[in-house]
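Encoded as C-alpha cells, the structure appears first; notes follow it.
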Amino acid sequence: MGEMDKVRNELLQGTLDLLILRTLSGATLHGWDIAKRIAVVSKDRLSLKQGSLYPALHRLEERGWVEADWGVSDAGRSAKFYRLTRAGRRQLETEKAHWLSFVSAMASVLDMEESS
Amino acid sequence: VIGERLRWLRTRLSRLLRRGKAEAELDAELAFHLDHLVAEHRARGLSERDALLEARRELGDVSSYREEVRDTWRPPELAELWRALRFAARSLARSPGFTALAVAALALGIGANTMMFSAFRTLVLKPLPYPEGERLDRIDRSTAQNPEGRLSPADYLDLVAQGGPYASLTAYALGDVSLAEPGQPPEMVRAMRVTPSFFGTLGVTPELGRDLAPDEDVPGRHRVVLLSRRCWQNRFGGRPDIVGRTVRVDGEPHDVVGVLPSSFNDWRHLGVFDVFRPLPRDAALAADRQSAVLRVIGRRAPGVSPEEAAGFVAHLGARLATDHPDVHAGTTWRRVSLSATVQGQSGPVMLGMCIGLSGFVLLIACSNLANLLLARTVSRSREIALRAALGASRGQLLRPLVAESLLVALAGGACALLVALWGADYLALRSTGDNGEQVVLDFDWPVFGWALGASLVTAVAFGLAPALYSVRLDPHETLKSGARMTGDRSHRRFRHALIVGQFALALILLAGAGSFIRGLDELNHRRAGWDSGALVNAGLVLPAAKYPDAGRIDAFHRLALGRLGALPGVASVSLSSFTPFFNWPDVRRYRVEGQPRPETGREPAAAMNVVTPAYFDTAGTRVVSGRPFDARDTAEAPAVLVINQAMARGLFGDADPLGQRLAALDGGSSGEIVGVAADVKSIVPDPGPVAYQIYRPMAQEPRARAELLVRAAPGVPPSGLVEAIRGAMTELDPDLPLRRLQPAEATLARANYQSGVLRDILIAFAALGLGLASLGVYGVIARTMAQRAGEFAIRYALGARVRDVTRIVLASGIRLALLGAALGLAGGAGLMRLLAYGNPGMRLERPLVLAGAALLLVVVALLACWLPARRAARIQPMDALRAE
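In order, the protein sequences belong to chains A and B.
The numbering of the first sequence is the numbering used here, which starts it at 24 and goes up by one.
The numbering of the second sequence is the numbering used here, which starts it at 805 and goes up by one.
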C-alpha cells in the first residue's frame, strides 16, 4: 500500500461525520468498532487520527443525529454504544445525496479537463 | 418572563453538568480505544513500550480532542470569545500595574455614576407607595413668602364642601406627641392628626386592625390611634395583641385600632411618622380660618386631568380671597402632584446635575483608560504589525484588544458596584434621623443594569479607539521603524486632546465643589445675633389634656425655668417658640398705629418669636436699645413687643421706635414697642427671607409647644448638662418627654445635612476628577519622556543644561493643563449657576473660587509633570544613546 493510495490525513471537512453516520446506519457500535469498520470497509485507504472520531461523535450527539448508551463490550468492558436517531438517518440520506452529486460533478469536470 | 429566565438557566446548568460528564466520558472512551490499539500492536509482536507509543501516535492529540468536545457544548462564537477573554486575562495578569490602575479608575468613575443613578431612580422615578398615586394632589395656599403654604381648617371645609374634581380629600396636621406606657419612660414620637379619610384617600390599608371610622373625628370618639409598623416593632416588640390595647398619648389613654403596613414607612414621604390620631372636629376648629396648619391631599376622580383640578383649585382660592380679604388677600391656591412634592422644587435638577457630574468623573476615568490602552497598544504595535504581516485578519487583530478592554471594564463595573454600595451606606448613615429614619437607595436590577451598561459602553467606546488605531498601522513601516515607538503625530494629538478634556472636566468639578463648600460654609457661619457654643436645646410639648389653658402652661413654664435655672453649671434658661438658629415660620402682619394704613396684603410681615424674659441673654441676642422683657410683662400687664433693627429701620427710619404701637392684623399680638434687638440670621437657606423679626413675652401668649434653651456657665461643657436637665424635667412631669435634648452644636450639625451630603458628593467628585486627571497627565508626560530620552540625550550632548530640558518637559504638560482649564472655565461658571438655581438662599456664583480652582488645577498639573521632568534631568547621554 503506497502513499499515493492513501487519501490525505486530514479528511475533507464534514466527510468524517458522513462516514460515521454511514457506519452506524446498520448497527449500534462503540468507537473502537466504528474505527475498525471504517478501516476495513475503506480497505485502510482512509487513514485518520483515530482519536478524532470521538469529538465527532460528541458533536453528532449534540446535534441529535446519534444517541448513545453505556453498555458492555465483547471484551467485557464498559463502552459507550452509539446508534443513529431518526434525524440522523435523514441527515445521512441528505449528506449522501450531496456527496454523490458533488462527486459526480467533480468527476465530470475532471473528465472534461482530461478530454480537452 | 421569570419562567423564561428559569428555563434558560436550567438549560445552561444542565449543559454545564453535561459538559463535565461529556469530558469524563470522552476520557473513558479514549482510554478504551487506546487499550484496544495497544492490544492490537502487541498481537503484531511489538514490545509493550513500542505498542504504547504507536497507539498514542495513532490516537492523536488527546488534549485537542478535549478542547473540541468542550467547544461542542458551546455555541461557536461563545467559544471564540471565551478563548479571547482567557488570552486577555493572561496578558492583563502580566501587567498588574496597568490593570489595577485601569480597574480602579473605572470602579470609581462607574461607581459614582451608578450611585447617582440609584439616587435618581429612588427619588424621581420610583412611585410613592400609594396605588394610582398619579391621581394624588397636594393643595397649597401660596403667598409670596411661602409658596407651599398650608390651609386653615375653615379653608379645608370649604374645599370639601365644593369637592369638585376630587373624589376624596384629606387633611393632616403635624404635631409630635409623647407616647407613654405604664412603667416605661415617656418618649417623643413624630405624630400627626388626620381626618378619617386620610388612609382611604392615599389608598393605604392597615396591616393589622382597621382604618379610622368616618365618625372618629367627633370629639369624644377621637381617642383612637394607628401606629406605624416600625413603632409597633420597636416600641411594642411586634406583639400580636397590639390592636385593642390602650396606650397613653400625651398623657391621655388612646385605643390602638390598627398598624400600618411597612410600605408606609417610606422615607420619601410620610415615613418618619409613627403615630396617627384623628383630628377632632369641633365648632371652634371648623370656624378657624386664621391658622394655616393643615396639609391637604386630594385624590382626583378618575379621568379628571391635572389642569382641570388646577383650574378648580385656583378658582376656589380666588373666591375665598374675595370673601375673606382679611386673611386671604394676596394668596393664590394651587395644586401640586404629590410625587413632585417629595422631590422638592429643585430636587430633580440637583439629582440630574449630580448624575451629570458623576458622568464627568466617569469620562475622565474613561479617557484615562483610553490613554493607558493606547500606550499599551503602541508599545505592542510591533507584535501587532508582525501578526498582520503573517496574515491575521483585522478582526483577528482587534479581538484580543477588545477582549482586554472588555475584561477591564467588567472588572471595573463589578468593583463599581462595591463603590456605589459603600456610597449608599454612607448616605444612609449620614441621613439617619432622630427617629431612626434613613435615606435608603434602591439597588435592584435596573441599577445593576446601569453599571453593566456603563461598563460595556466604556469598553467599546474607549477600548475600540486605540484598537482601531493600532490595526490601521502599516505593518511594513512599523516593523522598519524599530524600537522607537513614539506614535505618529495624529496619535499624539489624540492623546493630548484626551488630557485637555480631562482637565476641562476636572476644572468644572473643582469649581462646583469649591463654590458649594464656600456657600455652605458661609451659611454655617451666618450666626449673627446668637451664640450657640455654650447652649443646650430641646423641644417641649405640653399635652393639652394636662395643660388645657394658658394659666397652667404659664405656671409650668415658671416652675421649669426656676428649677432648671437652679441647676449647678447653668447660667440662664429660656423658653421660646423657636430657636434662633432656624427659621421662624410664624409670620404675622402688622401696621403701625398712627401711620396711614398700607394697601391690603401689603402690610409689613414679621417673623414672630414668643420668648420668656431671659431669652435674649440665653440665646445671645443683643438688645440694642430699650429693654428686654422682664417679670413685669405678665398676662395682665400691657402688651409689649421687641422688634429687630431691620424692622425698626424699615418702619420708623431714623425716628425712635420705642413707645410706638404696632397693631397686628390678627388682632392678638398688638402691643407697644419696648426694645430693639439685633438682627438674627438663621443657618437655614431660606428662599423668601423675612427680614423683620418681632418678639413677644411668653407670659402674654403662653405656648404649649416651646423650645428650651439652657446656657452653660463659663467653663462648663454644655454636654455635661444634658442628664441633669432631663432628670429635673422628669421630676416635674414624668409624662413629659424632651425632644432632641442635646448641645446646640449637635443640633446645628444635623440641620443642613442635605446640603452637607451634596457638598460631600461634590468634594468626592472633584477629588476623583482632579486625581484621575493628574494621573492621566503624569502617565502621558512620563511616557513621552521615556520615548524622547534619545532626543534629550542629544540635547545634553549638544550642551543643553538640566534646566532647559526640565523646562521643555514642564511646558508640554502645562500647555495641556492651561488649555484644559481655559476650556473648563465656561463649564465651571455654568455649574455654579445651576447650583445657585438648585439652592436658593446660598451665594454660589463665585468668580474668585473659579479662578482659584483653575490655579489649583495648574499647580497640580505642574506637580504631576515634575516627576517625569526630574527623570529627564537624570538622563545620562551616553547610556541613552547607546541604548538606541
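A virtual CB, placed ideally from N, CA and C, is assigned to each residue, including glycine.
Below-8 Å beta-carbon distance, residue i vs any chain B residue
i, result
"A:G111", "no"
"A:K66", "no"
"A:G54", "yes"
"A:G74", "yes"
"A:A102", "yes"
"A:Y77", "yes"
"A:H81", "yes"
"A:F125", "no"
Minimum Cβ-Cβ distance from residue i to chain A less than 8 Å
i, result
"B:A826", "yes"
"B:E872", "yes"
"B:H845", "no"
"B:L856", "no"
"B:V1243", "no"
"B:E829", "yes"
"B:V1212", "no"
"B:G864", "yes"
"B:E833", "yes"
"B:P1681", "no"
Residue i versus the options, residue with shortest Cα-Cα distance
i, options, result
"B:F921", "B:S868, B:L1256, B:R1184, B:L1211", "B:L1256"
"B:P1010", "B:L1031, B:P1461, B:S1095", "B:L1031"
"B:M1502", "B:S1486, B:A971, B:Q1546, B:D1437", "B:D1437"
"B:L1245", "B:Y1230, B:E1020, B:A1105", "B:Y1230"
"B:A1090", "B:S867, B:A1593, B:S868, B:D962", "B:D962"
"B:V1340", "B:A1517, B:Y1600, B:R1431, B:A1665", "B:A1517"
"B:R1296", "B:A1571, B:R1104, B:V1581", "B:V1581"
"B:P1204", "B:L1602, B:E884, B:R870", "B:E884"
"B:L910", "B:A1258, B:F891, B:S1109", "B:A1258"
"B:T999", "B:I943, B:M1646, B:L1016", "B:L1016"
"B:V1182", "B:A1315, B:A1271, B:F924, B:R1191", "B:A1271"
"A:Y77", "A:H121, A:V95, A:I57, A:D92", "A:I57"
Exposure label - residue i; buried when at least 16 CB within 10 Å
i, result
"B:T926", "buried"
"B:N1069", "buried"
"B:R898", "exposed"
"B:L1536", "exposed"
"B:D1434", "exposed"
"B:N1038", "exposed"
"B:R1033", "buried"
"B:G1463", "exposed"
"A:M129", "exposed"
"B:F1385", "buried"
"B:P933", "buried"
"A:R31", "Only weak support is given to the placement of A:R31: the predicted model assigns it a pLDDT of 45, under 50, and the question is left unresolved by the model."
"B:R1288", "Note on B:R1288: pLDDT 48, under 50, position unreliable in the model; no value is reported."
"B:S1616", "buried"
N- and C-terminal bounds of the beta strand (DSSP E) containing residue i
i, result
"A:E85", "Careful: A:E85 lies outside any beta strand (DSSP E), inside the alpha helix (DSSP H) at 76 to 86."
"B:L1245", "It is not in any beta strand (DSSP E) - B:L1245 carries neither H nor E in the DSSP assignment."
"B:T1050", "1050 to 1053"
Segment limits, alpha helix (DSSP H) that includes residue i
i, result
"B:A1668", "1651 to 1677"
"B:A909", "900 to 924"
"B:R848", "Segment: none, B:R848 is in no alpha helix (DSSP H) and carries neither H nor E."
"A:I43", "38 to 47"
Near the ligand SAH: residue i beta-carbon under 7 Å from a heavy atom
i, result
"A:V63", "With respect to small molecules bound, the structure shown includes none, and the ligand SAH cannot be examined in it."
Below-8 Å beta-carbon distance, residue i vs any chain E residue
i, result
"B:F1252", "You won't find chain E in this structure, because its protein chains are A and B."
Original post:
Can we say the stretch 1171 to 1180 of chain B touches the stretch 852 to 862 of chain B, given the rule of at least three CB pairs closer than 8 Å?
Top reply: no
Subject >> contact_flag[the stretch 1466 to 1485 of chain B, the stretch 1313 to 1326 of chain B] where n(CB pairs < 8 Å) is 3 or more >> reply: no
Subject >> Three CB pairs or more closer than 8 Å across the stretch 1078 to 1098 of chain B and the stretch 927 to 940 of chain B >> reply: Under the 8 Å Cβ criterion, the stretch 1078 to 1098 of chain B does not count as touching the stretch 927 to 940 of chain B, having fewer than three qualifying pairs.
**OP:** Assess, as a yes-or-no matter, whether the stretch 1621 to 1634 of chain B is touched by the stretch 1300 to 1308 of chain B under the definition of 3 or more beta carbon pairs within less than 8 Å.
**Re:** yes
Subject >> Inter-stretch contact at 8 Å, needing at least 3 Cβ pairs: the stretch 1455 to 1471 of chain B / the stretch 1388 to 1403 of chain B >> reply: yes
**OP:** Indicate whether the contact test is met: 3 or more Cβ pairs, each with one atom in the stretch 123 to 135 of chain A and one in the stretch 64 to 81 of chain A, closer than 8 Å.
**Re:** no
Original post:
Should the stretch 1209 to 1222 of chain B be regarded as contacting the stretch 1256 to 1268 of chain B, the criterion being three or more beta carbon pairs within less than 8 Å?
Top reply: yes
**OP:** Specify whether the stretch 1555 to 1562 of chain B and the stretch 1057 to 1077 of chain B touch according to this definition: at least 3 beta carbon pairs, one from each stretch, less than 8 Å apart.
**Re:** They do not touch, by the three-pair rule.
Original post:
Between the stretch 1157 to 1170 of chain B and the stretch 967 to 984 of chain B, are three or more C-beta pairs nearer than 8 Å?
Top reply: Under the Cβ criterion (8 Å, minimum of three pairs), the stretch 1157 to 1170 of chain B does not count as touching the stretch 967 to 984 of chain B.
**OP:** Would you check if there are 3 or more beta carbon pairs closer than 8 Å linking the stretch 1413 to 1424 of chain B to the stretch 1455 to 1462 of chain B?
**Re:** no
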